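Asker: One structure, pasted below without further comment.
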Amino acid sequence: MAKNPPKNNARVGAVRGRSQTQNPKNGLYVKRNTSTGKFMDVKTSGGKFKGVRKEK
Numbered sequence: 001m002a003k004n005p006p007k008n009n010a011r012v013g014a015v016r017g018r019s020q021t022q023n024p025k026n027g028l029y030v031k032r033n034t035s036t037g038k039f040m041d042v043k044t045s046g047g048k049f050k051g052v053r054k055e056k
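For the sequence shown, the residue numbers in the UniProt record's numbering are 1 to 56.
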């Protein structure tokens, strides 16, 4: 059975090797590399990163 690609280059499933947590001081979400633990990016437009799992 053929599998059609997603529309608009959309991702299917979660991004691997990444997690996100909310900064308690400014309320913005921060993306983190799970293998090294280093912070990668901050979402300045507000809201959460799409497809990235959340840390507890």
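Don't be surprised by glycine CBs; every beta carbon is placed ideally from N, CA and C. Keep in mind that this is a model prediction, so the values were computed, not measured.
Secondary structure at Arg43, three-state DSSP: helix, strand or coil?
Answerer: Per the sequence presented here, residue 43 reads as Lys, with Arg not at that position. Looking at Lys43 - three-state DSSP - the assignment turns out to be coil, as it is neither helix nor strand.
Asker: Who are the near neighbours of Glu55 in its chain, counting only those whose CB is closer than 8 Å to its CB and skipping five residues on each side?
Answerer: Once the five neighbours on either side are set aside, the close Cβ partners of Glu55 are Ser19, Gln20, Thr21, Arg32.
Asker: So Thr21 is in the beta strand (DSSP E); what residue range does that whole segment cover?
Answerer: Segment 18–22, the beta strand (DSSP E) holding Thr21.
Asker: Taking a contact to mean a Cβ-Cβ separation below 8 Å, would you say Val42 touches Val30 in this structure?
Answerer: Yes, Cβ-Cβ distance for Val42 and Val30 is below 8 Å.
Asker: In the DSSP assignment, find the unbroken beta strand (DSSP E) run with Arg32 in it and report its ends.
Answerer: Residues 29–33.
Asker: Under a three-way DSSP split, which group does Lys54 fall into?
Answerer: Note: Lys54 maps to strand in three-state DSSP.
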